[in-house]
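Enquirer: Just so we're aligned, residue 1 is where the sequence shown starts under the UniProt record's numbering, counting upward by one.
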Amino acid sequence: MKQQQTAVKPVHKELLHAKIADAIMEYIKGNQLSEGDKLPSERILAEQFVTSRNSVREALRVLERDNIIEVRAGSGAFVRAHEESDSFYLKLWKVNYIEILEILEILEGNMVKKICGKLSPEELRPLEEYLQEMEQNAEKTGTFLHETDIAFHQTMRSYSKNQTLIQLIDELIQSLHSYWKNLKGEDAQWISTLPYHRKLVEAIREGELRDAQSALKKICEIDKDITEYLQESNGK
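1. Helix, strand or coil for residue 144 per DSSP?
2. Please classify residue 106 as buried or exposed, where buried requires at least 16 neighbouring CB atoms within 10 angstroms.
3. Kindly list the residues whose CB is nearer than 8 Å to the CB of residue 201, restricted to its own chain and excluding five residues on each side of it in sequence; keep chain order.
4. Roughly how far, in whole angstroms, is the beta-carbon of residue 62 from the beta-carbon of residue 17, given that I think they are within contact range, below 8 Å?
5. Which residue's Cα is closest to the Cα of residue 135: 152, 120 and 111?
6. In the DSSP assignment, find the unbroken beta strand (DSSP E) run with residue 73 in it and report its ends.
7. Check this for me: beta carbons of residue 101 and residue 169, under 8 Å apart or not?
8. If you measure between the beta carbons of residue 49 and residue 20, is that distance less than 8 Å?
9. Could you tell me whether the region 148-162 touches the region 111-120, where touching means 3 or more Cβ pairs closer than 8 Å?
10. With DSSP as the reference, label residue 38 as helix, strand or coil.
11. List in chain order: all unbroken beta strand (DSSP E) runs of 3+ residues lying wholly within the region 163-201.
12. Does DSSP put residue 15 in a helix, in a strand, or in coil?
13. Please report the straight-line C-alpha distance between residue 119 and residue 98, rounded to a whole angstrom.
14. Given this structure, state the Cα-to-Cα distance separating residue 219 from residue 193, to the nearest angstrom.
15. Name the two residues that bound the continuous alpha helix (DSSP H) containing residue 51.
16. How many Å lie between residue 108 and residue 162 at the Cα?
17. Give me the residue from 53, 141 and 25 with the minimum Cα distance to residue 34.
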């Protein structure tokens, strides 16, 4: 028979999903849950942590990835056998996102060099369409379409034909976007990169390598500024 349950401690809704994963771990330990015990539903966890169900869902994915829990479709999340582990929050911060951005600037700069002035109108069209979608959305709603931005850069990189480098960069980009979306920021900061996306496309079209690399560099600089701002404003 289990001891009286420890209350679920609220988590500020702006914290990273890794922090929520830590809170769930504390709940598991505090209530002495063992292998096979079921966690509360996403809805209940979200209410108790004072956060969104999406944030809870992402935290559960982190715990499942590290074999702390098992998520069974239609049944819920169940505790697996586990050992003491480092804070997921601390694990996340072992990654230096500013350094990742600096690496991306170099890698994408080399890719731009390979494709500048070499793309056909058919190859340029998807870049134009993604960019136009982001521009129109920003004008109408004042929001930034992160998934469209990912697609824009993925398409641009695909033209380099270097599959190993493409995969490496894609994984870094996904890590960054997953990190960014869990911090509170203003979309206006991301929207400020769109004029440089436009300059990048035009420079690639015209074969102006220096202009293309300059535009890409500016995008990366803004990304770094945004990352530093988000870390500071979120107190992380």
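All residues carry an ideal CB built from backbone N, CA and C; glycine is no exception.
Every value quoted in this text rests on a predicted model; they were computed, and no experiment measured them.
Expert: Here's the rundown:
1. Locating residue 144 in the sequence shown gives position 144, where the first residue counts as 1. Coil at residue 144, not helix or strand.
2. By one-based count along the sequence shown, residue 106 stands at place 106. Exposed, because fewer than 16 other Cβ atoms sit within 10 Å of the Cβ of residue 106.
3. Looking up residue 201 in the sequence shown gives position 201. So the list reads 124, 127, 128 and 131, once near-sequence residues are dropped.
4. For the purposes of this step, residue 62 is taken as the residue at position 62 of the sequence shown. For the purposes of this step, residue 17 is taken as the residue at position 17 of the sequence shown. In this structure residue 62 touches residue 17 by the C-beta definition: roughly 6 Å separates them, less than 8 Å.
5. Start at 1 with the first residue of the sequence shown, and residue 135 comes out as number 135. That would be 152, whose Cα lies nearest to the Cα of residue 135.
6. Along the sequence shown, read from residue 1 onward, the residue named residue 73 stands at position 73. Where residue 73 is concerned, there is no enclosing beta strand (DSSP E), because DSSP gives it neither an H nor an E.
7. Here the question's residue 101 lines up with position 101 in the sequence shown. Here the question's residue 169 lines up with position 169 in the sequence shown. Contact: no.
8. Reading the sequence shown from its first residue, position 49 is the one you call residue 49. Reading the sequence shown from its first residue, position 20 is the one you call residue 20. Closer than 8 Å, so yes.
9. Short answer: they touch.
10. Mapped onto the sequence shown, residue 38 falls at position 38. DSSP places residue 38 in strand when its eight states are reduced to three.
11. Complete beta strand (DSSP E) runs here, min 3: none at all.
12. Your numbering for residue 15 matches position 15 in the sequence shown. Confidence at residue 15 is low in this model, with a pLDDT of 42, below 50, so the placement of that residue should be treated as unreliable; the coordinate-derived value is given next. In the structure shown, residue 15 sits in coil (DSSP, three-state: anything other than H, G, I, E or B).
13. Indexing the sequence shown from 1 puts residue 119 at position 119. Indexing the sequence shown from 1 puts residue 98 at position 98. Rounded to whole angstroms, residue 119 to residue 98 spans 31 Å at the Cα level.
14. For this step, residue 219 is matched to residue 219 along the sequence shown. For this step, residue 193 is matched to residue 193 along the sequence shown. Distance between the alpha carbons of residue 219 and residue 193: 6 Å.
15. As a working mapping, residue 51 is identified with position 51 in the sequence shown. Element bounds for residue 51: n/a, residue is neither H nor E.
16. Looking up residue 108 in the sequence shown gives position 108. Looking up residue 162 in the sequence shown gives position 162. Looking at the two C-alpha atoms, the distance is approximately 11 Å.
17. By one-based count along the sequence shown, residue 34 stands at place 34. Taking only the C-alpha atoms, the option nearest residue 34 is 25.
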